[in-house]
Structure formats: structure tokens, C-alpha cells
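*Asks:* The numbering of the sequence shown is this note's numbering, which starts it at 1 and goes up by one. All C-beta atoms in this analysis are idealised placements derived from N, C-alpha and C, irrespective of residue type, glycine included.
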Amino acid sequence: MTAPIRRSGADIAISIAVLVLTVLIGGAAAVFGLFLLAFLDHCPPATCSIEGAVNAVFTALLVAAGVGLTGLILTVIQLVRARPGWPFAVGTLALCLLTLFLGGVGYSAAVG
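What follows is the structure, encoded as C-alpha cells:
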């Protein structure tokens, strides 16, 4: 008979909290991106690319969602294996923030 797997309560709590924060930031970014796109009607055509702005926002949101889902899966796998999951959760948050930041840079470049 094998001993039961010991899981760290702190690791589970930190992983869950960071992943929930990632989802909340993603949701806020989606709402913010929608508002940015909703008010593009004052964009001067000489210096503004509406298509570029839409592509920047949607690409950033889709990539962040993919990174978030992948990070969630990897974190859960680590937690099920009774290995530290928080580095994966924190890495997921960091990569999602980086993706959203780069999407903001792309949006800014598109609207000039």
C-alpha cells in the first residue's frame, strides 16, 4: 500500500488565486478592448488603420486566451501530480500580461 499523496494547501491556494486573477484581467482587457474599438469613429484616416486596430485587439485577446487555457491545464496537471503549480500559474499571468501589453502597443501603432 502506498502513502497518500501530500499536496501543499498554500500551493493550491496561490495557484487558484493567480489563475482567477488572470481570468479577471483577461475579462477586463476584453471589455476595455471592446470600448477602444467602439470609439474608433473619430480616427483620422491619414494616420489611423481601423483594420490594424481591430487585428491588434482581437489577436492579443485570442493569444492571451490560448495562453491562459494552456497555463490552466498545465497548472492543474502539476497540482494533480502533487508538484508545485504556482510557477505555472504565475508564468501564465506574466505571459498573458505581456500579450495584452503587446496588443496595446499594436493598437497604439495602428491608431497613430
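1) Does DSSP classify Ala-124 as helix, strand or coil?
2) Can you tell me where the alpha helix (DSSP H) holding Thr-70 begins and where it ends?
3) Specify the secondary structure class of Thr-47 as computed by DSSP and reduced to three states.
4) Our contact map puts Ala-89 next to Ser-15 with C-beta atoms below 8 Å; I'd like the distance itself, whole angstroms only.
5) According to the Cβ coordinates, are Ala-56 and Tyr-107 closer than 8 Å?
6) Quick one: is Val-67 buried, meaning 16 or more other Cβ sit within 10 Å of its Cβ, or exposed?
7) By Cβ distance, which residues of its chain are closer than 7 Å to Gly-112, with the 5 residues on each side in sequence left out?
*Replies:* Looking at the atomic coordinates:
1) The chain is shown only over 1 to 112; residue 124 falls outside these bounds and no answer can be derived.
2) For the purposes of this step, residue 70 is identified with residue 70 of the sequence shown, where counting begins at 1. The continuous alpha helix (DSSP H) containing Thr-70 extends over residues 50 to 80.
3) One-based indexing of the sequence shown puts residue 47 at position 47. Here Thr-47 sits in coil by DSSP.
4) As a working note, residue 89 is residue 89 in the sequence shown. As a working note, residue 15 is residue 15 in the sequence shown. Indeed, because the Cβ distance is near 4 Å, the residues count as touching under 8 Å.
5) Position 56 of the sequence shown, counted from the first residue, corresponds to residue 56. Position 107 of the sequence shown, counted from the first residue, corresponds to residue 107. The Cβ-Cβ distance between Ala-56 and Tyr-107 falls below 8 Å.
6) Numbered from 1 along the sequence shown, position 67 holds the residue referred to as residue 67. Under the 10 Å beta carbon count, Val-67 is surrounded by 16 or more other beta carbons and is classified as buried.
7) Reading the sequence shown from its first residue, position 112 is the one you call residue 112. Only Thr-47 and Cys-48 meet the Cβ criterion.
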